[in-house]
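Residue numbers (the working numbering): 459 to 703.
All residues carry an ideal CB built from backbone N, CA and C; glycine is no exception.
Accompanying notes for the structure given below.
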(Lines of atoms letter the chains of each structure in order from A; the text may use other names.)
(Lines give C-alpha, C1' and ligand atoms only; values in the text may rest on other atoms or scores of the structure.)
Protein backbone atom coordinates (compact mmCIF):
# COMPACT_ATOMS: atom_id res chain seq x y z
CA UNK A 459 0.00 0.00 0.00
CA UNK A 460 2.84 2.39 0.90
CA UNK A 461 4.54 1.62 -2.42
CA UNK A 462 1.35 2.47 -4.34
CA UNK A 463 0.98 5.75 -2.43
CA UNK A 464 4.59 6.64 -3.22
CA UNK A 465 4.05 6.02 -6.94
CA UNK A 466 0.86 8.12 -6.95
CA UNK A 467 2.64 10.94 -5.09
CA UNK A 468 5.56 10.81 -7.53
CA UNK A 469 3.39 11.19 -10.62
CA UNK A 470 1.26 13.85 -8.91
CA UNK A 471 4.41 15.92 -8.36
CA UNK A 472 5.63 15.34 -11.91
CA UNK A 473 2.44 16.52 -13.56
CA UNK A 474 1.60 19.35 -11.17
CA UNK A 475 4.99 21.06 -10.79
CA UNK A 476 6.07 23.25 -13.74
CA UNK A 477 9.70 23.16 -12.58
CA UNK A 478 9.80 19.36 -12.65
CA UNK A 479 7.56 18.74 -15.62
CA UNK A 480 8.68 21.56 -17.87
CA UNK A 481 7.85 20.58 -21.42
CA UNK A 482 10.82 20.00 -23.65
CA UNK A 483 10.75 21.83 -26.99
CA UNK A 484 11.37 19.50 -29.93
CA UNK A 485 10.14 21.73 -32.75
CA UNK A 486 9.87 25.48 -33.00
CA UNK A 487 11.26 28.85 -33.94
CA UNK A 488 14.00 31.01 -32.42
CA UNK A 489 14.79 34.63 -33.20
CA UNK A 490 18.44 35.59 -32.80
CA UNK A 491 19.86 39.08 -32.56
CA UNK A 492 23.27 39.26 -34.20
CA UNK A 493 25.18 42.29 -32.90
CA UNK A 494 28.44 43.42 -34.48
CA UNK A 495 30.66 46.14 -33.05
CA UNK A 496 31.36 48.12 -36.21
CA UNK A 497 33.73 50.58 -34.57
CA UNK A 498 36.15 47.69 -34.03
CA UNK A 499 36.45 47.52 -37.82
CA UNK A 500 38.34 50.79 -37.65
CA UNK A 501 41.09 49.60 -35.35
CA UNK A 502 43.84 51.85 -36.64
CA UNK A 503 44.27 55.08 -34.75
CA UNK A 504 44.24 57.77 -37.42
CA UNK A 505 42.06 60.66 -38.54
CA UNK A 506 40.27 58.56 -41.19
CA UNK A 507 39.21 55.91 -38.64
CA UNK A 508 38.00 58.52 -36.19
CA UNK A 509 35.98 60.24 -38.93
CA UNK A 510 34.34 56.94 -39.94
CA UNK A 511 33.39 56.20 -36.33
CA UNK A 512 31.56 59.51 -36.12
CA UNK A 513 29.37 58.66 -39.11
CA UNK A 514 28.87 54.95 -38.38
CA UNK A 515 26.59 53.55 -35.64
CA UNK A 516 28.60 51.54 -33.12
CA UNK A 517 26.54 48.38 -33.59
CA UNK A 518 25.03 46.67 -36.60
CA UNK A 519 22.06 44.62 -35.37
CA UNK A 520 20.41 42.02 -37.59
CA UNK A 521 17.69 39.55 -36.63
CA UNK A 522 17.89 35.94 -37.82
CA UNK A 523 15.25 33.21 -37.69
CA UNK A 524 16.03 29.60 -36.83
CA UNK A 525 13.28 27.03 -37.43
CA UNK A 526 13.96 23.49 -36.27
CA UNK A 527 12.81 20.02 -35.37
CA UNK A 528 14.76 17.00 -34.15
CA UNK A 529 16.02 16.17 -37.66
CA UNK A 530 16.90 19.52 -39.24
CA UNK A 531 17.03 23.29 -38.94
CA UNK A 532 16.97 26.29 -41.27
CA UNK A 533 18.68 29.55 -40.34
CA UNK A 534 18.16 32.72 -42.38
CA UNK A 535 17.90 36.49 -42.27
CA UNK A 536 14.66 37.74 -40.74
CA UNK A 537 15.19 41.50 -40.38
CA UNK A 538 18.28 43.23 -41.75
CA UNK A 539 19.79 46.42 -40.36
CA UNK A 540 19.50 48.60 -43.47
CA UNK A 541 21.41 51.61 -42.19
CA UNK A 542 23.14 53.30 -45.17
CA UNK A 543 26.31 53.38 -43.08
CA UNK A 544 26.66 49.59 -43.49
CA UNK A 545 26.37 49.22 -47.26
CA UNK A 546 30.10 48.42 -47.49
CA UNK A 547 29.84 45.56 -44.98
CA UNK A 548 29.06 42.55 -47.17
CA UNK A 549 31.16 39.75 -45.66
CA UNK A 550 28.80 36.77 -45.26
CA UNK A 551 26.29 39.23 -43.90
CA UNK A 552 23.10 37.30 -44.62
CA UNK A 553 23.99 33.61 -44.55
CA UNK A 554 21.32 30.97 -44.95
CA UNK A 555 22.19 27.61 -43.41
CA UNK A 556 20.28 24.31 -43.59
CA UNK A 557 21.49 21.72 -41.09
CA UNK A 558 20.53 18.09 -41.69
CA UNK A 559 21.04 17.03 -38.08
CA UNK A 560 19.97 13.43 -38.60
CA UNK A 561 22.47 12.97 -41.44
CA UNK A 562 25.18 15.24 -39.97
CA UNK A 563 25.44 17.31 -43.16
CA UNK A 564 24.68 20.92 -44.01
CA UNK A 565 24.11 23.28 -46.91
CA UNK A 566 24.73 27.01 -46.81
CA UNK A 567 24.27 29.99 -49.08
CA UNK A 568 26.88 32.65 -48.35
CA UNK A 569 27.43 35.95 -50.14
CA UNK A 570 30.93 37.43 -49.96
CA UNK A 571 30.59 40.95 -51.32
CA UNK A 572 29.03 40.42 -54.76
CA UNK A 573 29.66 36.68 -55.20
CA UNK A 574 27.47 33.93 -53.79
CA UNK A 575 28.63 30.47 -52.76
CA UNK A 576 26.58 27.33 -52.18
CA UNK A 577 28.34 25.08 -49.67
CA UNK A 578 27.47 21.43 -49.12
CA UNK A 579 29.49 19.39 -46.67
CA UNK A 580 29.53 17.37 -43.46
CA UNK A 581 28.58 19.31 -40.35
CA UNK A 582 31.66 20.72 -38.62
CA UNK A 583 32.68 18.68 -35.59
CA UNK A 584 33.62 20.89 -32.65
CA UNK A 585 35.58 19.84 -29.58
CA UNK A 586 33.33 21.50 -27.02
CA UNK A 587 34.46 22.04 -23.45
CA UNK A 588 31.57 22.30 -20.99
CA UNK A 589 32.04 24.90 -18.26
CA UNK A 590 30.35 25.57 -14.93
CA UNK A 591 28.87 28.92 -15.86
CA UNK A 592 25.15 29.39 -16.36
CA UNK A 593 22.79 32.12 -17.52
CA UNK A 594 19.19 32.57 -18.59
CA UNK A 595 18.62 33.42 -22.25
CA UNK A 596 15.12 34.10 -23.63
CA UNK A 597 13.59 32.40 -20.61
CA UNK A 598 15.72 29.24 -20.81
CA UNK A 599 18.46 28.03 -18.50
CA UNK A 600 21.72 27.71 -20.40
CA UNK A 601 25.18 26.32 -19.73
CA UNK A 602 28.42 27.72 -21.12
CA UNK A 603 30.66 25.77 -23.51
CA UNK A 604 33.71 26.79 -25.53
CA UNK A 605 35.72 25.59 -28.49
CA UNK A 606 38.34 26.65 -31.06
CA UNK A 607 37.68 26.77 -34.81
CA UNK A 608 40.13 27.33 -37.68
CA UNK A 609 43.02 26.66 -35.27
CA UNK A 610 42.76 29.98 -33.42
CA UNK A 611 39.22 31.39 -33.31
CA UNK A 612 37.83 31.15 -29.78
CA UNK A 613 34.08 30.51 -29.58
CA UNK A 614 31.82 30.81 -26.54
CA UNK A 615 28.38 29.18 -26.64
CA UNK A 616 25.45 28.92 -24.24
CA UNK A 617 23.14 25.95 -24.79
CA UNK A 618 19.95 24.75 -23.14
CA UNK A 619 18.95 21.12 -22.55
CA UNK A 620 15.36 22.34 -22.37
CA UNK A 621 15.55 22.15 -26.18
CA UNK A 622 17.26 18.75 -26.71
CA UNK A 623 18.22 19.47 -30.33
CA UNK A 624 21.95 19.77 -31.00
CA UNK A 625 21.84 22.73 -33.38
CA UNK A 626 22.32 26.47 -33.27
CA UNK A 627 22.87 29.63 -35.31
CA UNK A 628 24.95 29.46 -38.50
CA UNK A 629 26.50 25.95 -38.73
CA UNK A 630 27.20 25.52 -35.01
CA UNK A 631 26.10 22.19 -33.56
CA UNK A 632 27.14 19.26 -31.41
CA UNK A 633 26.11 20.30 -27.89
CA UNK A 634 23.56 18.44 -25.70
CA UNK A 635 20.93 21.08 -26.49
CA UNK A 636 20.13 24.08 -28.66
CA UNK A 637 22.65 26.93 -28.68
CA UNK A 638 20.86 30.13 -27.66
CA UNK A 639 23.93 32.34 -27.22
CA UNK A 640 27.15 32.63 -29.20
CA UNK A 641 30.13 34.96 -28.78
CA UNK A 642 32.93 35.32 -31.35
CA UNK A 643 35.43 37.80 -29.84
CA UNK A 644 37.81 37.77 -32.82
CA UNK A 645 35.19 39.36 -35.08
CA UNK A 646 33.45 41.33 -32.29
CA UNK A 647 30.14 39.58 -32.91
CA UNK A 648 27.50 38.04 -30.66
CA UNK A 649 24.36 36.03 -31.35
CA UNK A 650 21.70 35.82 -28.65
CA UNK A 651 18.17 34.44 -28.78
CA UNK A 652 15.48 36.99 -28.00
CA UNK A 653 12.42 34.79 -28.50
CA UNK A 654 11.78 31.05 -28.44
CA UNK A 655 8.46 29.53 -29.43
CA UNK A 656 7.32 25.91 -29.59
CA UNK A 657 5.46 25.08 -32.80
CA UNK A 658 5.31 22.56 -35.60
CA UNK A 659 7.39 23.57 -38.62
CA UNK A 660 6.18 22.44 -42.06
CA UNK A 661 8.66 20.21 -43.88
CA UNK A 662 8.58 22.39 -47.00
CA UNK A 663 10.18 25.27 -45.06
CA UNK A 664 13.46 23.40 -44.66
CA UNK A 665 14.91 24.56 -47.98
CA UNK A 666 17.51 27.12 -49.06
CA UNK A 667 16.74 29.87 -51.57
CA UNK A 668 17.30 28.69 -55.14
CA UNK A 669 20.39 30.20 -56.75
CA UNK A 670 22.69 29.47 -59.65
CA UNK A 671 25.71 29.15 -57.38
CA UNK A 672 28.01 26.20 -57.95
CA UNK A 673 27.86 23.66 -55.13
CA UNK A 674 31.25 23.30 -53.42
CA UNK A 675 32.62 21.78 -50.19
CA UNK A 676 33.96 24.06 -47.46
CA UNK A 677 37.63 23.45 -48.29
CA UNK A 678 37.08 24.74 -51.85
CA UNK A 679 35.18 27.75 -50.53
CA UNK A 680 38.06 28.59 -48.20
CA UNK A 681 40.59 28.16 -51.03
CA UNK A 682 38.61 30.39 -53.41
CA UNK A 683 38.27 33.17 -50.84
CA UNK A 684 41.96 32.96 -49.98
CA UNK A 685 42.92 33.16 -53.66
CA UNK A 686 40.55 36.02 -54.47
CA UNK A 687 41.75 38.08 -51.52
CA UNK A 688 45.42 37.10 -51.51
CA UNK A 689 46.50 40.75 -51.66
CA UNK A 690 44.24 41.84 -48.78
CA UNK A 691 46.59 40.74 -46.00
CA UNK A 692 45.01 40.10 -42.58
CA UNK A 693 41.65 41.37 -43.84
CA UNK A 694 41.37 38.26 -46.04
CA UNK A 695 41.56 36.11 -42.90
CA UNK A 696 38.64 37.98 -41.37
CA UNK A 697 36.52 37.31 -44.46
CA UNK A 698 37.32 33.58 -44.17
CA UNK A 699 36.49 33.61 -40.43
CA UNK A 700 33.09 35.18 -41.07
CA UNK A 701 32.39 32.83 -43.94
CA UNK A 702 33.31 29.81 -41.84
CA UNK A 703 30.68 30.38 -39.16
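Query raised in the report: If you follow the alpha helix (DSSP H) that residue 680 is part of, which residue opens it and which one closes it?
Result: For this step, residue 680 is matched to residue 222 along the chain shown. Where residue 680 is concerned, the enclosing alpha helix (DSSP H) stretches over 676-686.
Requested in this report: Flag this pair as yes or no: are the beta carbons of residue 701 and residue 550 separated by less than 9 Å?
Outcome: Locating residue 701 in the chain shown gives position 243, where the first residue counts as 1. Locating residue 550 in the chain shown gives position 92, where the first residue counts as 1. In this structure, residue 701 sits near residue 550, with a CB-CB distance shorter than 9 Å.
* Under the rule that 16 or more other beta-carbon atoms within 10 Å means buried, what is residue 557, buried or exposed? -> Against the chain shown, residue 557 aligns to sequence position 99. Classification of residue 557: buried, given that the 10 Å Cβ count is 16 or more.
**Asked** Considering only C-alpha positions, which residue in the set 633, 659 and 576 is nearest to residue 614?
**Response** Position 156 of the chain shown, counted from the first residue, corresponds to residue 614. Nearest C-alpha to residue 614: 633.
| message | Under 8 Å, with one C-beta from each stretch per pair, do the stretch 557-576 and the stretch 588-599 reach the 3-pair mark? | response | In short, these stretches do not touch, since the Cβ pair count stays below three.
Measure how close the beta-carbons of residue 490 and residue 522 come, nearest whole angstrom, since I'm counting them as under 8 Å.
Position 32 of the chain shown, counted from the start, is the residue given in the question as residue 490. Position 64 of the chain shown, counted from the start, is the residue given in the question as residue 522. For residue 490 against residue 522, the beta-carbon gap comes to about 5 Å, under 8 Å, which counts as contact.
Let me know the secondary structure DSSP gives residue 697 once reduced to three states.
Taking the chain shown and counting its residues from 1, the one referred to as residue 697 is at position 239. In the structure shown, residue 697 sits in a helix (DSSP, three-state: H, G or I).
request  = Give me the Cβ distance between residue 638 and residue 664, rounded to the nearest whole Å; I'm assuming they're in contact under 8 Å.
outcome  = For the purposes of this step, residue 638 is taken as the residue at position 180 of the chain shown. For the purposes of this step, residue 664 is taken as the residue at position 206 of the chain shown. About 20 Å; that fails the 8 Å criterion.
query: Per DSSP, residue 486 forms a beta bridge with which residues?
result: One-based indexing of the chain shown puts residue 486 at position 28. Paired residues: 526 and 656.
task: Output the distance between the C-alpha atoms of residue 479 and residue 675, rounded to the nearest integer angstrom.
output: Indexing the chain shown from 1 puts residue 479 at position 21. Indexing the chain shown from 1 puts residue 675 at position 217. Low confidence applies to residue 479: its pLDDT is 38, below 50, so where it sits in the model is not reliable, and the reading given next is rough at best. Cα-Cα distance, rounded: 43 Å.
Notebook entry, point to check: What did DSSP end up calling residue 590 once you bin it into helix, strand or coil?
Noted result: Locating residue 590 in the chain shown gives position 132, where the first residue counts as 1. DSSP places residue 590 in strand when its eight states are reduced to three.
Exercise. Touch check for the stretch 528-543 and the stretch 557-566: three-plus C-beta pairs under 8 Å?
Worked result: Judged by Cβ distances under 8 Å, the stretch 528-543 makes contact with the stretch 557-566, as three or more pairs qualify.
For residue 648, which residues does DSSP report across the bridge? Position 190 of the chain shown, counting from 1, holds the residue named residue 648. Answer is 493 and 641, bridged to residue 648.
Assuming contact is defined by CB atoms lying nearer than 9 Å, are residue 649 and residue 627 in contact in what I supplied?
Walking along the chain shown from the start, residue 649 turns up at place 191. Walking along the chain shown from the start, residue 627 turns up at place 169. Result yes, Cβ atoms of residue 649 and residue 627 sit closer than 9 Å.
query = Taking all protein chains shown into account, do 16 or more other C-beta atoms lie within 10 angstroms of the C-beta of residue 703, making it buried, or fewer, making it exposed?
reply = As a working note, residue 703 is residue 245 in the chain shown. In this structure residue 703 is buried. Its beta-carbon is surrounded by 16 or more other beta-carbon atoms within 10 angstroms.
Assigned secondary structure, residue 499 (DSSP; H/G/I helix, E/B strand, else coil): As a position in the chain shown, residue 499 is number 41, starting the count at 1. Residue state, collapsed to three classes: helix.
Alpha carbon to alpha carbon, what distance is there between residue 678 and residue 485?
The sequence position of residue 485 within the chain shown is 27, counting from 1. The sequence position of residue 678 within the chain shown is 220, counting from 1. About 33 Å.
Helix, strand or coil, according to DSSP, for residue 603 in the structure here?
For the purposes of this step, residue 603 is identified with residue 145 of the chain shown, where counting begins at 1. Strand, per DSSP.
- [ ] Drop a sphere of 10 angstroms on the beta-carbon of residue 494, count the other beta-carbons inside from all chains shown, and report buried for 16 or more, exposed for fewer.
- [x] Translated into positions along the chain shown, residue 494 becomes position 36. Residue environment: residue 494 is assigned as buried (16 or more neighbouring CB atoms within 10 Å of its CB, all protein chains considered).
Query raised in the report: When DSSP labels each residue in this structure, what does residue 661 get in the three-state scheme?
Result: For the purposes of this step, residue 661 is taken as residue 203 along the chain shown, with counting starting at 1. The answer is helix: DSSP assigns residue 661 an H, G or I state.
### the stretch 597-612 touching the stretch 565-573, judged by at least three CB pairs closer than 8 Å
The count of Cβ pairs closer than 8 Å, one atom from the stretch 597-612 and one from the stretch 565-573, stays below three, leaving the stretches out of contact.
Practice task
Measure the alpha-carbon distance for residue 635 versus residue 644 and round it to whole angstroms.
Solution key: To locate residue 635, count along the chain shown from 1; it is residue 177. To locate residue 644, count along the chain shown from 1; it is residue 186. In this structure, the straight-line span from the alpha carbon of residue 635 to that of residue 644 is close to 25 Å.
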